[in-house]
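Take 10 as the starting number for the sequence shown in the numbering used here and just add one per residue. Below is one structure, written out as structure tokens; the observations come after it.
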Amino acid sequence: MDKGFEHGSPSQIRRAIWATRGLFALLGVFSAVWGVHIPSVKQRYALGEGALSLVLVAAAVGAVSAVMFAGRVIGRLGARQTAMLCAVVMACMLGMVLHWPGLPWLLLAMLFFGASLSVFDVAINTEGSALEVAGGQPIMGSLHGMFSLGAMGGAALAAGMLGAGVLAEWQLLGVGVAVAVAIWIGARWMLPTPPPTDKPKVHFTWPRGALLIMGLLTFAGMSAEGVMFDWCVLYLQQEVRMPHEQAAIGYAACAGAMAVMRFAADRLRALYSEQRLLQVSGVVTAVSMAGVLLTGHPVVAIIGCGLVGAGLAMIVPILYGAASRVPGTTPAAAIAAVSSIGYAGFMVGPPLIGFIAQHASLTAAMGVVVVAATVLALSARFVPEKAA
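Here you go:
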């Protein structure tokens, strides 16, 4: 742990915890509005499933590439300044997503979009791991719960604006600007970071050993989570035949259930084995998603999306928290290492879904969630247990 993060006063730590909760929620709002409007991108640029998958994989490539440098950026600027800088880029990319003259420009913009999201994500997770040490209490689950709560609110907001007939272009621009301003305000209360010294620090660690195991499981979890957030609205709209504003409720159900479970995650981690929690999470996700795909009924689909969200909820908080405790590296470097493999799940997932959807159906393609969750349940026993 970077010692400079540990020297905040109790009041600074309390303010930083609340600020970081807010930043996680704002990232959730931002991500949800983007997820709800993926069909808008598809319609605006007249894309098929294959071309749409290229748009999503471009964002994933940007994310994976940038996360390798996230530790260096955070080490130089600090988590606070990094978050503020990324907020500007995120806002610009979201506001412009429906205004590019063609697909090549959109793909280029998606690289910057994914890069800013991933570095921002590492910055606030680094802050969260620092606050766990500084405050002496587990908070990673509740922080990720705030992300899911924000995602639920963002999806509901987007659904409401769609129902009110607000143009997608204005929705994306307004949300982008509002989130960026809120991040700039909230980041002021993050813990201060000491200025960089000449002493060399580890900014990125190639995953091996325990970090590699956690990275591969993060890959499975984030693949499933990415498929749900990128494709579930389109699946409900196209395969289950739900109107766009109703399909967005499926996204909100997934994010809302995920939020509830993440708020309970810290308590559950204290009571039960993290290996067992990961195993149960995988089983619940696989069974619920299979039920959604086999029935194709609107009500079952909404309930199933909620159960999938609950099943996926604890995976990333547990794995990120475990990674930050690995000795011999900094929390930012460890989280970046695990994230680099996890974000590769976002890179592999979109083209795989698009390929299967083009050659079979989107229903068959969404079965990737079932496969990823099954692998996670079977492999969770390889995650190192937390110290007693």
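All C-beta atoms, glycine included, are put in the ideal place defined by N, C-alpha and C.
Review point. For Q350, which three-state DSSP category applies?
Key: In the sequence as displayed, the identity of residue 350 is Ile instead of Gln. Looking at I350 - three-state DSSP - the assignment turns out to be helix.
Check your understanding: What is the residue span of the alpha helix (DSSP H) that E178 lies within?
Key -> Segment A177 to G195, the alpha helix (DSSP H) holding E178.
Review point. Could you give the residue range of the alpha helix (DSSP H) that holds H253?
Key: H253 to L280
Review point. Comparing alpha-carbon positions, which option in G71, A322, E283 and S125 lies nearest G230?
Key: A322
Point to revise | A331 (DSSP reduced to helix, strand or coil) | key: It is helical.
Check your understanding: On the three-state DSSP scale, how would you describe H46?
Key -> coil
Review point. Do the region 66 to 77 and the region 346 to 353 make contact, defined as three or more Cβ pairs closer than 8 Å?
Key: yes
Check your understanding: Is the region 266 to 280 close to the region 364 to 381, with three or more CB pairs under 8 Å?
Key -> no
Practice item. Out of S49, V378 and A55, state which residue places its alpha-carbon closest to the alpha-carbon of F228. Key: V378
Review point. Taking the continuous alpha helix (DSSP H) assigned at G159, which residues delimit it?
Key: M149 to G172
**Study point:** Exposure of E248, with buried meaning 16 or more beta-carbon neighbours within 10 Å
**Key:** buried
Point to revise | Pairwise C-alpha distance: A345 and L200 | key: 20 Å
Point to revise | Inter-residue CB distance, A389 and L245 (contact presumed, cutoff 8 Å) | key: With a Cβ gap of about 29 Å, A389 and L245 do not count as contacting.
Review point. Apart from the five residues just before and just after A386, which ones in its own chain have a Cβ nearer than 6 Å to its Cβ?
Key: Around A386: Q288, G291 and V292.
**Study point:** Burial state of P113, where buried means 16 or more other Cβ atoms lie within 10 Å
**Key:** Exposed, by the Cβ-count rule.
Review point. Quick one, which of H153, I47, F33 and D130 has its alpha-carbon nearest L115's?
Key: Looking at the Cα atoms, I47 is the closest of the given residues.
**Study point:** Integer Cβ distance of R30 from M155, believed to fall under 8 Å
**Key:** 5 Å
Check your understanding: Any idea what DSSP makes of E234, helix, strand or coil?
Key -> helix
Practice item. Could you check what DSSP says for H368 in three-state terms: helix, strand or coil? Key: helix
Practice item. Could you have a look at M58 and say whether DSSP puts it in helix, strand or coil? Key: At residue 58 the sequence reads Glu, which differs from the Met that was named. Here E58 sits in helix by DSSP.
Review point. What three-state label does DSSP hand V38 in the structure shown?
Key: helix
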